[in-house]
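Note that the protein sequences, when read in sequence, are chains A and B. If you use numbering that gives the first Met the number 0, the first sequence corresponds to residues 0 to 395, in order. If you use numbering that gives the first Met the number 0, the second sequence corresponds to residues 0 to 395, in order. Where a beta carbon is used, it is the ideal one built from N, C-alpha and C, also for glycine.
2 protein chains.
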Amino acid sequence: MVSVEEASSIVFSHLFEPRLETVAFAEAVDKVLAETIVADRDFPPFDRVSMDGIAISFVEWEAGRRIFSVQDIQAAGMKQKSLGDRQHCLEVMTGAILPTGADAVIPYEDIEINDGSATILIEKVRLGQNVHKQGQDAKALSVLLEPGILLSPAEIALLAAVGKSNVQVFAYPSTAIVSSGDELVAVQDTPEPHQIRRSNTFAIQSAMKTMGWEGTVWHLPDNREQMLDTVKRISASFDIIILSGGVSKGRFDFVPEVLEEVGITKLFHRVNQRPAKPFWFGVSKKGTIVFALPGNPVSTFMCFYRYIKPWLFRSVGVKNNTMKAVLAKDFSFAGSLVYFLQVSVQNENGMLMAYPVEGGGSGDFANLKNVDGFLELPSHKEKFLTGEVFPYIPFR
Amino acid sequence: MVSVEEASSIVFSHLFEPRLETVAFAEAVDKVLAETIVADRDFPPFDRVSMDGIAISFVEWEAGRRIFSVQDIQAAGMKQKSLGDRQHCLEVMTGAILPTGADAVIPYEDIEINDGSATILIEKVRLGQNVHKQGQDAKALSVLLEPGILLSPAEIALLAAVGKSNVQVFAYPSTAIVSSGDELVAVQDTPEPHQIRRSNTFAIQSAMKTMGWEGTVWHLPDNREQMLDTVKRISASFDIIILSGGVSKGRFDFVPEVLEEVGITKLFHRVNQRPAKPFWFGVSKKGTIVFALPGNPVSTFMCFYRYIKPWLFRSVGVKNNTMKAVLAKDFSFAGSLVYFLQVSVQNENGMLMAYPVEGGGSGDFANLKNVDGFLELPSHKEKFLTGEVFPYIPFR
Chain A
0 MVSVEEASSI VFSHLFEPRL ETVAFAEAVD KVLAETIVAD RDFPPFDRVS
50 MDGIAISFVE WEAGRRIFSV QDIQAAGMKQ KSLGDRQHCL EVMTGAILPT
100 GADAVIPYED IEINDGSATI LIEKVRLGQN VHKQGQDAKA LSVLLEPGIL
150 LSPAEIALLA AVGKSNVQVF AYPSTAIVSS GDELVAVQDT PEPHQIRRSN
200 TFAIQSAMKT MGWEGTVWHL PDNREQMLDT VKRISASFDI IILSGGVSKG
250 RFDFVPEVLE EVGITKLFHR VNQRPAKPFW FGVSKKGTIV FALPGNPVST
300 FMCFYRYIKP WLFRSVGVKN NTMKAVLAKD FSFAGSLVYF LQVSVQNENG
350 MLMAYPVEGG GSGDFANLKN VDGFLELPSH KEKFLTGEVF PYIPFR
Chain B
0 MVSVEEASSI VFSHLFEPRL ETVAFAEAVD KVLAETIVAD RDFPPFDRVS
50 MDGIAISFVE WEAGRRIFSV QDIQAAGMKQ KSLGDRQHCL EVMTGAILPT
100 GADAVIPYED IEINDGSATI LIEKVRLGQN VHKQGQDAKA LSVLLEPGIL
150 LSPAEIALLA AVGKSNVQVF AYPSTAIVSS GDELVAVQDT PEPHQIRRSN
200 TFAIQSAMKT MGWEGTVWHL PDNREQMLDT VKRISASFDI IILSGGVSKG
250 RFDFVPEVLE EVGITKLFHR VNQRPAKPFW FGVSKKGTIV FALPGNPVST
300 FMCFYRYIKP WLFRSVGVKN NTMKAVLAKD FSFAGSLVYF LQVSVQNENG
350 MLMAYPVEGG GSGDFANLKN VDGFLELPSH KEKFLTGEVF PYIPFR
């Protein structure tokens, strides 16, 4: 048996080697950037008008001029014009390039235009006002985004702005999600009284889906020979195998020995935690990584969010800061192991308050519908008091 | 001009009428449930063994018996067996139905089996221990999930458990995302010095994509006739139109008048906020809803997360609790309008601390890469102090 800390450290020292793939930028949201993105030009690329109004020469304003005759219009998308005569102005539109010779923009609400002349109605004008200066946001060739960034809509727009119509992202490993247990029937089947439907593998598959990670669902019977056969085939074709069930002490829990028989070396079996104590982890010589999780639904789910998701993110260089939350109600737990407490979390005045969810044993998914995540309670204490802060693993 | 509160209230009182669609349960993650899900049977459906070990009759233990002869094995997936003789026990596996006549499970670690007899090594046994009682999580026909729930992986597993292989979810409205502005060129093009690439529409499209909402991208030239023509076609074929640009006071800002000309009634134009003051909102007689946002990238982005996303969620009945965060640094803003401050947010001991991001004017997306969201600062004050709590609109 290893501690939660040891288990994490072993898992995180067996990362996968991600391959690269090129995708259309508009498809890249929620994927992880694999290349460095530099500014192809200054941003903004020119002194850009940021209000509709008139562009003037500031020295002329300083010299006392308040009335400027309108020489021309500089609309967005027009080639740069020139303020020929400093006593003139150009009407300028938001997004337009600032005409040469002009260095301040007075918005329409602060002027009056009559008979081709604009009168400025305000008392204060600043040099460069309402002009978004060339290079203010970023200089040409400066680094905008580094590999390992999880691309959000803001970054997709930035890729568009620099003309990255195709972008390199990390490909996630090919993954089999495998249930075992003879009590399990297919979702569309009507179970016998002693049977239940498969659900763990779909929980994992959809959790992966929300990350843009695809997984293929399999099922193994509790029969050693058939299990061996199928696991052999799966381990030959997938980078990663996530198993659920068959790792405990039962007489038909063949998973650990079958995995070792097909050449997956055990790195740990059993973690000092509740739920999910029987968690098994191993790798093969050729690099297949196997997470064998207990079959209990909540255990499977906790292990995915506590170990597998952070492991994937580390493998592709995403910084995955641990969240924290505040225990909102006293809780006691006697047992020298890490306890993953099911909690419902409320944002109360900016503070994440974690309320223990009653009846949150390591049960079924019916339990989890009011749960937002797990609070990781350390093993060295028994009483956990309102107001204490612990790591929080959300799953919504 | 309306206040932010008035704008919200007008937007939220023009929800769309969602259609229903049926999808395979495994595809339903991040979609919004449109039907009530009831338990098709008790959960667990039978008294379920939750540890590998032996099942005994508790009265026999109470009467002093510590050695039980092993009668048989009850594995997971086997039909229910019976403890024929109370002095006997059955080996039972996690997930198995508890044999009739048995009412407590002693795990393997607490027993020793020799020559077909199990000796209990511990001093304390509870009635019903290590048995997950039938109906403990949910009773048959009880409501498990209600319409309006955003389906997370936990709910997908629950749908699997109750055999909902197909499930009714809300279909999101067909949506056109339309940019305007003659300065804009396509992403794959090399802009002239006075041009920039389109990015706003892709920011919105990918923000929608993360919600499972599809949008089609269009572009309009700053030409009144062509704009009218295209807007007519778009408003005939889409439920929702999100425009970016052309709503300000510029000479080529034809969007508001073109929209009114095709029969979209203005409900407001201009909101007392920064950024995104020129925000325009309207509806047509046949129910087309139009959000016309200012073309400034950050304005567009803010409006999407502050108005459009909550509007969509309300339309399909999702509860969308406002988040809050704590200002981490004093900030001043003189101007009697709501200021959406760009912030980077850290979880510090469970508290969401919002740090103002420098240079966060209503600029380009290059600005937003270090920003996590907007803090909504009310209009009635000028000084905002460290430690004060404000609504927080995250976009990551």
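Annotation: the continuous beta strand (DSSP E) that includes P390(B) extends over 388 to 393. Nearest in C-alpha terms to V177(B), of all of M207(B), L149(B), V230(B), is V230(B).
Contact between the stretch 348 to 355 of chain A and the stretch 316 to 334 of chain A is established, with three or more Cβ pairs separated by less than 8 Å. Taking C-beta atoms under 8 Å as the contact rule, F201(A) and I105(B) fail to qualify, at a distance of about 33 Å.
DSSP lists S331(B) as the bridge partner or partners of K382(B).
With a cutoff of 9 Å on beta-carbon distance, Q79(A) and P98(A) are scored as near each other.
Closest option to E5(B), judged by alpha-carbon separation, among K380(B), W279(B), N199(B): W279(B). Not a single CB atom of chain A sits nearer than 9 Å to the CB of R125(B). In this structure the stretch 153 to 170 of chain B does not lie against the stretch 61 to 73 of chain B, because fewer than three pairs of beta carbons, one per stretch, are closer than 8 Å. Annotated three-state conformation of E122(B) is coil, per DSSP.
Proximity of the stretch 202 to 221 of chain A to the stretch 142 to 156 of chain B meets the contact definition, three or more beta-carbon pairs being nearer than 8 Å. By the C-beta criterion, the stretch 304 to 312 of chain A is judged not to be in contact with the stretch 326 to 342 of chain B, since fewer than 3 inter-stretch pairs fall below 8 Å. Per DSSP, T200(A) is one residue of the alpha helix (DSSP H) stretching across 199 to 208. Annotation: Cβ neighbours of A25(A) in chain B (cutoff 9 Å, chain order): V186, F201, Q204, S205, K208, V216.
For L157(A), a Cβ of chain B is located within less than 9 Å of the residue's own Cβ. Contact between N129(A) and V48(A) holds: CB atoms are separated by about 7 Å, below the 8 Å threshold. Counting only unbroken stretches of 4 or more residues, no alpha helix (DSSP H) element lies wholly within the stretch 104 to 155 of chain B. Neighbours of H193(B) in chain A, taken as residues whose beta carbon is under 8 Å from its own, are F45, G76, M77, K78, Q79, A95, I96 in chain order.
The residue from V315(B), T93(B), N348(B), C302(B) with its alpha-carbon nearest to that of L183(A) is T93(B). With a cut-off of 8 Å on Cβ pairs, the stretch 23 to 40 of chain A is not in contact with the stretch 70 to 79 of chain A, counting fewer than three such pairs.
By the Cβ rule, the stretch 267 to 276 of chain B counts as touching the stretch 290 to 299 of chain B, because three or more pairs are nearer than 8 Å. Using a CB distance cut-off of 9 Å, F42(B) counts as an interface residue toward chain A.
F332(A) has a beta carbon lying at 9 Å or more from every beta carbon in chain B.
Unbroken alpha helix (DSSP H) runs of no fewer than 4 residues, entirely contained in the stretch 291 to 322 of chain B, are found at 296 to 302, 308 to 314, following chain order.
Taken in chain order, no unbroken stretch of alpha helix (DSSP H) lies wholly in the stretch 261 to 293 of chain A with a span of 4 residues or more. Between L367(B) and V297(B), the C-beta gap is smaller than 9 Å, which places the two residues in contact. Using a C-beta cut-off of 8 Å, the stretch 372 to 387 of chain B makes contact with the stretch 333 to 346 of chain B, since at least three inter-stretch Cβ pairs fall below that distance. Assigned with DSSP and collapsed to three states, F42(A) falls in strand. Note: L89(B) is bridge-paired with A54(B), D71(B) in the DSSP secondary-structure output. Taking all protein chains shown into account, S314(A) has 16 or more neighbouring C-beta atoms within 10 Å of its C-beta and is therefore buried. Residue-level contact by beta carbon holds for R196(B) and chain A, with a gap shorter than 9 Å. Between V142(B) and F57(B), the C-beta spacing is not below 9 Å. Interface criterion met: the Cβ of E154(B) is under 9 Å from a Cβ in chain A. Boundaries of the alpha helix (DSSP H) around S234(A): 223 to 236. About 4 Å separates the beta carbons of A365(A) and D136(B), which is inside the 8 Å limit, making them a contact pair.
Closest by C-alpha distance to V22(B), out of A95(B), L14(B), V31(B), is V31(B).
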